[in-house]
Each structure stands twice: as C-alpha cells, then as structure tokens.
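2 protein chains.
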Amino acid sequence: MSAPLRFSAFVMNTTSHILHGAWRLPEAQQTRFNSLDHWVELAKTLERGKFDYIFFADVVGLYDDYQGSWRKFVESGLQIPSNDPTVLASALAYNTEHLGIVLTNSILQSHPFDFARKISTLDHASNGRIGWNIVTSLSGNAWRNFGFDEITAHDERYRWADEYVDVVYKLWEGSWDDGALIQDKASGLHGDFDKVHKINHDGKRYRVEGPHLVAPSPQRTPVLFQAGSSAAGRRFAARNAEGQFIVSPNPAAAKALIDDTRRLVAENGRAPEDLQFFQGLSFVIGSTEEEAKRKAAELDEVLDPNTIIAHAAGGLGHDLGHYDLDTPIGDIETEGTRSTLAWLHEAVPDREPTVRDLARLRSHHGRIVGTPEQIADRLAVWRDAGIDGVNVTNATIPGSFTEFIDHVLPVLRDRGLARTEYAEGTARRKATGRDLLPDSHPAATYRGAFTDS
Amino acid sequence: MSAPLRFSAFVMNTTSHILHGAWRLPEAQQTRFNSLDHWVELAKTLERGKFDYIFFADVVGLYDDYQGSWRKFVESGLQIPSNDPTVLASALAYNTEHLGIVLTNSILQSHPFDFARKISTLDHASNGRIGWNIVTSLSGNAWRNFGFDEITAHDERYRWADEYVDVVYKLWEGSWDDGALIQDKASGLHGDFDKVHKINHDGKRYRVEGPHLVAPSPQRTPVLFQAGSSAAGRRFAARNAEGQFIVSPNPAAAKALIDDTRRLVAENGRAPEDLQFFQGLSFVIGSTEEEAKRKAAELDEVLDPNTIIAHAAGGLGHDLGHYDLDTPIGDIETEGTRSTLAWLHEAVPDREPTVRDLARLRSHHGRIVGTPEQIADRLAVWRDAGIDGVNVTNATIPGSFTEFIDHVLPVLRDRGLARTEYAEGTARRKATGRDLLPDSHPAATYRGAFTDS
Chain G
1 MSAPLRFSAF VMNTTSHILH GAWRLPEAQQ TRFNSLDHWV ELAKTLERGK
51 FDYIFFADVV GLYDDYQGSW RKFVESGLQI PSNDPTVLAS ALAYNTEHLG
101 IVLTNSILQS HPFDFARKIS TLDHASNGRI GWNIVTSLSG NAWRNFGFDE
151 ITAHDERYRW ADEYVDVVYK LWEGSWDDGA LIQDKASGLH GDFDKVHKIN
201 HDGKRYRVEG PHLVAPSPQR TPVLFQAGSS AAGRRFAARN AEGQFIVSPN
251 PAAAKALIDD TRRLVAENGR APEDLQFFQG LSFVIGSTEE EAKRKAAELD
301 EVLDPNTIIA HAAGGLGHDL GHYDLDTPIG DIETEGTRST LAWLHEAVPD
351 REPTVRDLAR LRSHHGRIVG TPEQIADRLA VWRDAGIDGV NVTNATIPGS
401 FTEFIDHVLP VLRDRGLART EYAEGTARRK ATGRDLLPDS HPAATYRGAF
451 TDS
Chain E
1 MSAPLRFSAF VMNTTSHILH GAWRLPEAQQ TRFNSLDHWV ELAKTLERGK
51 FDYIFFADVV GLYDDYQGSW RKFVESGLQI PSNDPTVLAS ALAYNTEHLG
101 IVLTNSILQS HPFDFARKIS TLDHASNGRI GWNIVTSLSG NAWRNFGFDE
151 ITAHDERYRW ADEYVDVVYK LWEGSWDDGA LIQDKASGLH GDFDKVHKIN
201 HDGKRYRVEG PHLVAPSPQR TPVLFQAGSS AAGRRFAARN AEGQFIVSPN
251 PAAAKALIDD TRRLVAENGR APEDLQFFQG LSFVIGSTEE EAKRKAAELD
301 EVLDPNTIIA HAAGGLGHDL GHYDLDTPIG DIETEGTRST LAWLHEAVPD
351 REPTVRDLAR LRSHHGRIVG TPEQIADRLA VWRDAGIDGV NVTNATIPGS
401 FTEFIDHVLP VLRDRGLART EYAEGTARRK ATGRDLLPDS HPAATYRGAF
451 TDS
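Taken in sequence, the protein lines are chains G and E. In terms of full-length UniProt numbering, the first sequence opens at residue 1 and continues consecutively. In terms of full-length UniProt numbering, the second sequence opens at residue 1 and continues consecutively.
Structure (structure tokens):
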C-alpha cells in the first residue's frame with residue numbers, strides 16, 4: 001500500500017475536452033491542438049515531471065444532439081474539431097525517452113489487421129512505450145460515420161470487442177515466435193520461416209489470414225487500458241485490461257469499485273494486482289488556500305454549464321438541452337436516465353438537484369483545490385483507498401501540468417507519494433517489471449498456438 | 001521543357017523493397033527499418049539534398065505464393081516484415097521543414113472516415129506536406145487479411161476507389177468552409193456552426209454522415225499520387241492524380257505514355273500539366289566510368305534473382321517458382337502472363353528470353369550506371385522526354401541517397417536540371433504554386449456543396 005502513485009496526463013487532441021470553457025482562460029493554449037509543436041512541448045514537459053503516461057482520449061463522432069442540434073458542439077469547441085491522436089505518437093516518442101503514450105482507438109474505427117500493424121510499428125518506434133485504451137464508441141453519429149444506422153447494442157459491442165482483441169492478440173503474440181527475425185548479411189537469411197505463422201482467424205465479424213506483417217515489438221501487445229464501468233465493461237476489463245481509468249466520487253467508492261473489480265480479475269485467473277486503477281482528478285493549486293480558492297472561482301467563472309450538460313447528455317441518451325438549467329432533475333428522469341442520475345441525488349442529498357447541479361458536479365467532480373501540502377494530504381487518502389495512479393485532468397494545457405509538476409510533485413516526492421526517477425525499460429516494465437504480458441493473460445494463450453506456417 | 005527535375009526518394013518500411021539482396025551489402029542499413037532514428041536520419045539527409053518527397057510504398061499482405069509457399073518472402077525479407085509508414089510521418093515532419101511525405105494507403109486497409117481524419121491531422125502537423133499514393137491492393141493475402149475470399153476484380157476495385165476518393169474529397173473539401181474555426185476567447189465562440197456540414201454520403205460501399213472531425217488543413221486534400229498503368233488505373237489517375245509514378249523502359253516509351261495520359265487528363269477537363277510524372281530510376285555512381293561499372297557488378301553479385309522473380313511473379317498471377325531460372329519464357333506463358341511478359345521479348349529481341357532474363361531486367365530496369373556527368377547526360381534525355389521528376393529507387397539506405405545528393409545533384413544543379421533551393425510553402429505550393437487543388441479537379445466540386453449543417 002505504500003508504493004508511490006503513478007501519474008498520467010489526461011488529454012485529447014481537441015480544444016475542449018472535459019472542463020468546457022476553460023480554453024478561454026488567458027493562459028490556456030489548448031486551442032493550439034493543430035500544432036505538432038504544442039504536443040511535443042507538452043510531452044517534453046511531462047517527461048520533465050516524470051509522468052508515466054500521456055493518455056489521449058478520443059472520439060470518432062459527435063455526441064447526441066443538444067437542443068435538437070449539434071450546433072452547441074461546434075460553437076463551444078466540444079470535441080470538434082478533434083484530431084487523430086495515433087498519428088502524433090511517433091513525434092512524441094522521438095522527443096522523449098521514458099514517457100508512455102496511451103492511444104484511444106475504438107473497435108469501430110479501424111480493422112484489427114491494420115490497427116495491430118500500426119501499433120506494432122509504433123511500439124518499435126518508441127522502444128516499447130505504447131498503450132492502447134480499448135473503447136467501443138458511444139455516440140450514434142460515430143456509428144453513422146462508419147456505415148451503421150444506429151449504435152450496436154451495448155452487450156453486442158463487448159462481444160465485438162472480445163473478437164477484436166482476439167484478432168490482435170493472435171497477431172501480436174502468436175504470429176511471430178521469438179528469434180524469427182535473423183537479418184544475417186553473410187548467409188542472406190533474413191527470417192526463420194518456421195517461426196512465422198498465419199493466424200487464420202475466422203470469427204463472427206472478422207476473417208484474418210495473417211501473418212502479422214511486423215516482427216515482435218518490445219512489448220508485443222501494448223499496455224492495455226479500459227474505462228468502461230458497465231457490467232459488460234467491467235467484465236471485459238477484468239479479463240483484458242492492465243490499467244483501468246476510473247472516476248469515483250470519493251476514495252471510499254473507489255475502494256469498493258477496486259476491490260470488486262479485482263475480485264473479477266482473480267476470477268479470470270489473473271493476479272489481482274495485474275489491473276491497476278487510475279483515478280481521474282483535477283487540481284487547482286495555490287501557494288495559500290485562499291489563492292487556490294480564488295483560482296477555483298476564476299475557473300468556475302469561465303466554465304460553461306450548458307456545454308458541460310451537452311457533454312453529459314451524450315452519455316445519458318436524453319437531450320437535456322430542452323430544459324432550463326434550474327429544472328429539477330426529478331422532472332426529467334426517464335427510464336434511460338434514472339440509474340445514471342441516481343448518484344446526483346446522493347451528491348445533493350438535502351434538496352432536489354437541478355440540471356445546473358449536474359453541470360456543477362460534472363466540473364467539480366474529482367477536483368482538489370488547495371496548497372501542494374493539502375493536495376498531498378488528499379492524495380494520500382486516495383492512495384490508501386487503493387488507487388495505483390492518478391489521471392490528471394486538465395483545465396489548461398500546459399498550465400495544469402506545469403503547475404502540478406513544479407509545485408505538487410516535489411511535495412509528493414518528499415512524502416514518498418511519487419517516484420523520484422523513472423524505472424528503465426518499456427512502459428510495461430516500468431509498471432510491472434515485465435516487458436510482456438504475464439502467462440495468465442488471455443493474449444498469452446496464443447503464444448506458440450500457430451505452429452504451421 | 002527546361003524546368004528543373006523534381007526528386008523523390010522511393011522507400012518502404014521494410015528491409016527488401018525492390019533490389020532484393022542489396023541489404024547484404026556492407027554499407028546497407030535498411031535492416032534498421034524498425035528504428036525511428038533510421039527514418040528521421042534519412043528524412044534529414046533528404047532535406048539536406050533538397051529532395052521534394054520521401055515516398056513510402058506499402059503493402060498490406062504477402063505476394064502470391066512462390067514455389068507453392070510464402071517461405072521465400074520470409075527468408076529473403078521480401079517486404080516482410082513491413083511496417084506501417086503512416087504512423088512514422090509526424091516524427092519525420094517534426095524533424096524537417098520542407099520535405100514532402102507521401103504515404104501509400106490502400107482503399108482496402110482503412111475506412112475513409114478514419115483515413116481522412118488521420119491525413120488531415122498529419123497535414124496540420126506537417127504544415128501541409130502530406131501526399132497520398134492511392135492504391136488498390138494486388139495480392140490475395142492482402143484481401144484475405146481483410147476478410148475477403150479473393151481479390152476483388154480489377155475494374156470493380158477502381159469503382160470502389162472512385163467511391164473511396166469521393167468520400168474523402170467530401171470530408172476534406174466540403175465539410176468545413178473557410179473561416180469556420182474561430183477560437184475567440186473573448187466571446188467564447190469556437191466555431192461557426194453555419195460553416196460546418198455533414199456530408200451524408202450514401203454509396204454502394206460506404207455510408208458516412210460526417211461532419212469531418214478535423215478543421216481544414218493547409219492543403220485540405222493531400223497531394224494525390226497514383227501508380228496504376230492498366231486502362232482503369234490510367235483513367236483513375238487522369239481524373240484524380242497530381243503525380244503519377246511510372247517505370248518506363250526508356251525515354252521514348254515514357255514520352256508516349258505521358259502524352260497519352262495527358263490527353264486523358266485534358267479529356268477530364270483538367271490542365272494537362274496538372275498531372276506530373278515521376279520516372280523510377282536507380283543510380284550506380286562512380287568517380288570514373290570504370291568505378292561505376294565495378295560497383296554495378298558488386299551490386300549484381302548480391303542481388304538474388306529468385307527473390308526478384310518471386311516479387312515479379314506476384315504481379316503476374318502465376319507462380320514462376322516452379323521453373324528453373326534458365327527456362328525459356330515461351331514455355332511458361334499463359335493467357336494471364338502473356339501481355340505482361342511481352343515487354344521482355346522486346347527487351348531481349350535477339351533470342352528467347354528466360355526466367356533469369358526477367359530477373360536481370362527487373363533489377364537493371366531503370367538503372368543508370370556512370371559518373372555524375374554521365375548520369376546528368378542521361379537525365380537530360382529523360383527530362384526532354386517529358387518527365388517532371390525522378391523517383392529514386394535505392395539499393396542501399398542511406399547510401400543510394402547520400403551518394404546521389406553529394407555527387408550527382410551538384411552536377412544537375414550546375415546544368416539547371418535540379419533546383420538549388422526549396423520553394424516556400426506547402427507540398428502542393430512547391431509543386432504547383434497553389435496550396436489547394438484547382439477548381440478543375442473533381443474534389444473541388446464538393447466545395448460549398450453541403451450547405452445545410
């Protein structure tokens with residue numbers, strides 16, 4: 001329980017990712033997302049702070065309409081434009097040595113044969129520092145961008161994801177044996193044919209012959225992340241993920257979720273600690289408590305409740321844009337939104353919560369305001385609840401990260417809450433001491449499974 | 001006719017691209033293809049030489065079996081492993097300022113919505129230096145990697161390509177009007193909703209709602225290349241391409257092909273010069289003719305005729321591996337191979353050509369051996385035949401390029417056959433004086449075509 005926390009920078013290749021409106025702050029530079037310099041500078045900053053990961057969220061479509069339209073998304077920069085993160089990774093890898101690069105990629109957006117090849121190429125290019133955040137897309141527009149009439153049902157999406165990861169595991173772990181790449185100039189033998197295998201996958205959605213076109217990269221399979229909190233999502237994470245991104249309302253809730261999920265991990269035959277939990281938190285930092293509170297008030301000043309609601313509604317399947325911000329949530333609840341909004345009643349127990357309360361909670365949720373010492377006190381409580389790391393949500397880029405690095409991390413290091421140096425090696429080795437997935441992981445079953453070439 | 005030639009470095013993210021066996025030369029470093037440093041160093045070298053493009057060929061599957069198996073490909077490193085080129089581009093862009101980066105991407109491998117987004121992201125990241133070599137995949141294994149039983153018929157592939165480019169043109173040219181991205185911190189207005197449009201593409205293979213998720217990049221549509229020489233391929237190039245990669249056996253044949261294709265370009269309502277031709281050539285350079293000839297002999301020593309035949313057979317649809325190298329071609333010809341092998345009879349008119357002649361011709365084809373001055377003489381003849389540029393095929397990386405840059409380009413510059421400086425601006429501006437496609441290009445028809453948001 002006394003291991004240092006790990007730190008991940010939660011970003012998206014867009015202007016307005018989560019704390020909508022914060023891009024208007026004078027110091028905010030996230031409007032520069034089109035610039036490669038912007039991202040390379042951030043990666044170098046994070047490596048200076050010895051962050052473990054830069055974690056790119058992503059979407060491949062708009063959220064569901066708000067006030068009957070997608071106008072709000074364009075006008076407020078709510079994840080549109082949103083650029084592809086994967087194609088930035090090699091520039092970030094070239095300019096850093098240790099930083100892990102976690103890329104979100106939906107099973108919807110790319111064929112597993114092509115995706116596996118891109119990731120393997122990047123894992124070589126980065127000397128083994130690539131992670132993959134496995135997602136199934138949530139918005140109808142995303143599905144309609146890829147030829148579907150509507151969102152594939154939730155459980156069916158996870159069956160699809162099961163097959164998708166099966167294909168890429170076969171390519172990454174089973175298609176090439178160790179030692180297959182020879183490159184001997186004297187004999188002219190470049191590869192050992194008996195160590196390279198077609199996978200001949202034949203499933204419900206995919207048929208893939210193989211072989212994988214890329215020789216084994218340092219990690220073979222990238223470090224696997226997942227964020228789903230539904231039953232199917234947690235089952236998937238328990239089987240596959242090495243890192244889970246959680247947004248628990250408080251340390252006690254995190255502890256319950258972690259304990260419960262780790263039981264599922266064990267039921268899958270994996271070691272419970274093979275799944276690490278990263279809690280999403282944002283920080284408002286002051287040299288005094290008063291300064292921190294003043295900065296938090298300044299942030300609240302620019303945060304836009306309507307945009308925050310538009311984003312939240314995207315996950316509810318109900319257009320909250322038709323209601324005034326002061327509408328009681330009780331007047332809105334439908335069968336589809338009831339369970340999702342239950343936590344709002346918990347958070348505002350003393351009166352009937354409103355739409356505005358939802359916006360406030362979404363933006364304050366996971367926010368820690370205080371001096372570096374106060375923040376360290378709070379992070380110690382989170383660590384004791386069992387989280388392995390923090391996914392640092394930003395209000396401004398690079399400000400949220402530079403302030404955290406310059407003011408909070410030194411205090412955390414003094415208290416043993418943060419590492420003082422990077423470990424050597426691949427992203428997985430830094431996290432677990434191993435370059436490759438352990439034998440208990442389902443991907444490992446494909447090692448040596450394809451003996452005919 | 002007296003414009004300087006343009007130069008492109010023809011490479012692939014693999015060990016053995018075209019001159020199979022050359023990787024065994026002591027100075028050859030192409031076995032380092034897994035290394036990002038290798039590619040960044042090459043890009044910097046090419047920029048030092050003021051090359052216009054680094055042109056990445058690519059495949060997404062093995063060639064057809066040779067001697068009844070794919071053993072030969074693995075053993076000789078014939079385009080396996082082959083890594084993805086697209087994900088390298090941002091590192092190359094970050095480390096250069098002028099070099100154009102041309103990426104081959106098959107219509108088979110990625111969905112046009114995802115592909116368009118990756119390319120737009122890279123065109124932003126490179127300040128407008130991305131090109132796309134449009135291909136339809138040729139090997140059965142590639143199709144079986146993507147779920148098909150067999151190769152889609154040739155003409156149907158081009159109909160598919162027609163729809164594919166239609167989708168990406170709509171996203172690149174029609175989805176966002178100029179001035180849609182506002183990013184005004186004072187007002188909080190990030191984008192002009194009335195200038196962003198869904199495309200609602202509904203075609204035979206794709207349905208794509210849109211909008212494009214990326215705001216217009218410097219070139220919007222990347223510089224478009226094509227290499228097909230079939231009737232359907234030439235029709236496609238005449239309609240769409242801005243650069244065509246050709247491998248003509250001699251300047252006269254190039255002139256005939258260029259004149260004929262430019263007629264087709266004009267028939268499509270485009271200016272004939274809007275399609276530029278890059279001839280594939282390789283160079284063996286000596287300070288004396290004798291030294292050049294000796295180096296050519298050393299190269300021939302390591303070139304492997306069987307691997308070259310295995311590669312050639314991949315385009316013939318007939319397994320030439322079942323024949324001895326001295327088998328007369330006349331004993332092999334089938335309906336499928338006859339037309340393709342006709343040029344071999346032309347090239348070896350005095351006797352019955354053999355399989356070995358095919359290998360020799362494939363590796364000598366487009367090879368110029370001599371002193372820098374002799375090479376310049378030959379390039380002047382090629383230029384007078386109407387080519388706009390040379391796609392420099394390598395025997396070794398980086399040697400083939402450093403020798404060309406250090407010894408041949410200075411002579412070419414003295415004679416006005418090569419530029420002395422880069423022009424400013426995007427890749428398209430360097431090539432044509434414009435950042436965007438001209439109005440006569442079919443992609444331009446989608447500008448302003450989607451007026452409802």
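Backbone N, C-alpha and C fix where the C-beta goes; we use that ideal spot for every residue, glycine too.
The alpha carbon of Gly128 (chain G) has as its nearest neighbour, out of G:Val40, G:His212, G:Ile101 and G:Gly147, the alpha carbon of G:Ile101. The shortest C-alpha to C-alpha distance from Thr451 (chain G) to any of G:Glu173, G:Leu78, G:Arg367 and G:Glu163 is the one to G:Glu173. The alpha carbon of Gly448 (chain E) has as its nearest neighbour, out of E:Phe115, E:Glu403 and E:Ser175, the alpha carbon of E:Ser175. Listed by position along chain G, the residues whose Cβ is nearer than 7 angstroms to that of Val214 (chain E) are Pro81 and Asn83. Fewer than three Cβ pairs drawn from the region 250 to 263 of chain G and the region 300 to 310 of chain G lie within less than 8 angstroms of each other, which leaves the two stretches out of contact. Judged by DSSP in its simplified three-state form, Thr104 (chain E) adopts strand. Per DSSP, reduced to three states, the secondary structure at Thr288 (chain G) is coil, with no helix or strand assignment. For Thr136 (chain E) and Gln226 (chain E), the gap between their C-alpha atoms comes out near 10 angstroms.
For His154 (chain E), same chain residues with a beta-carbon under 7 angstroms away, outside a window of 5 residues either side, are Ser230 and Ala232 in chain order. Neighbourhood of Gln183 (chain G) in chain E, by CB distance below 9 angstroms: Thr15, Trp23, Thr31 and Gly77, in chain order.
At least one CB of chain E lies nearer than 9 angstroms to the CB of His190 (chain G).
Listed by position along chain G, the residues whose Cβ is nearer than 7 angstroms to that of Gln279 (chain E) form an empty set, because the closest Cβ is around 29 angstroms away. By the CB criterion at 9 angstroms, Val265 (chain G) and Ala238 (chain G) fall inside the cutoff.
Among the residues facing chain E, Glu346 (chain G) is not included, as its CB has no counterpart in that chain under 9 angstroms away. Between the C-alpha atoms of His190 (chain G) and Leu36 (chain E) there is a straight-line separation of about 20 angstroms.
Your pair Ala28 (chain E) and Val223 (chain E) does not check out as a contact, with CB atoms roughly 30 angstroms apart and the cut at 8 angstroms. For Tyr94 (chain G), the nearest CB of chain E lies under 9 angstroms from its own CB, placing it at the interface with that chain.
In this structure, Gly280 (chain G) places its C-beta atom within 9 angstroms of the C-beta atom of Phe245 (chain G). Leaving aside the five residues that flank Pro398 (chain E) on each side, the residues in its chain whose CB is nearer than 6 angstroms to its CB run, in chain order, Leu42 and Thr45. Contact annotation: in the region 147 to 176 of chain E, residues whose CB is within less than 7 angstroms of a CB in chain G are Gly147. Burial is judged here by how many other beta carbons sit within 10 angstroms of a residue's own beta carbon; Ala342 (chain E) has fewer than 16 and is exposed. Inclusion of Asn83 (chain E) and Asn13 (chain E) in the CB contact set at 9 angstroms is warranted, their separation being smaller than that value.
Within the DSSP secondary-structure output, Ser69 (chain G) pairs in a beta bridge with G:Tyr66. The closest CA to that of Phe115 (chain G), considering only G:Lys170, G:Val74 and G:Glu47, is found on G:Lys170. Lys50 (chain E) and Trp70 (chain E) have their C-alpha atoms roughly 39 angstroms apart. Measuring C-alpha to C-alpha distances from Lys295 (chain G) to each of G:Glu273, G:Thr396 and G:Glu373 identifies G:Thr396 as the nearest. Per the C-alpha coordinates, the member of E:Pro410, E:Asp58, E:Ile107 and E:Gly314 positioned closest to Thr371 (chain E) is E:Pro410. By the Cβ neighbour-count rule, Glu242 (chain E) is buried, with 16 or more other Cβ atoms within 10 Å of its own. Below the 8 angstroms Cβ cutoff, chain E contributes Val60, Gln109, Asn145 and Phe146 as neighbours of Phe113 (chain G), in chain order. Under the Cβ criterion of 9 angstroms, Ala313 (chain G) is not counted among the residues facing chain E. Under DSSP, the beta-bridge partners assigned to Ala57 (chain G) are G:Met12.
When DSSP states are grouped into helix, strand and coil, Asn133 (chain E) belongs to the strand group.
Spanning the alpha carbons of Gly269 (chain G) and Pro442 (chain G) requires a straight line of approximately 9 angstroms.
The beta carbon of Ser35 (chain E) sits closer than 9 angstroms to some beta carbon of chain G. A check of alpha carbon separations from Asp202 (chain E) across G:Asp388, G:Asp439, G:Ile199 and G:Phe148 identifies G:Phe148 as the nearest. Residues of chain G whose Cβ lies closer than 8 angstroms to the Cβ of Thr86 (chain E) are, in chain order, Val87 and Lys118.
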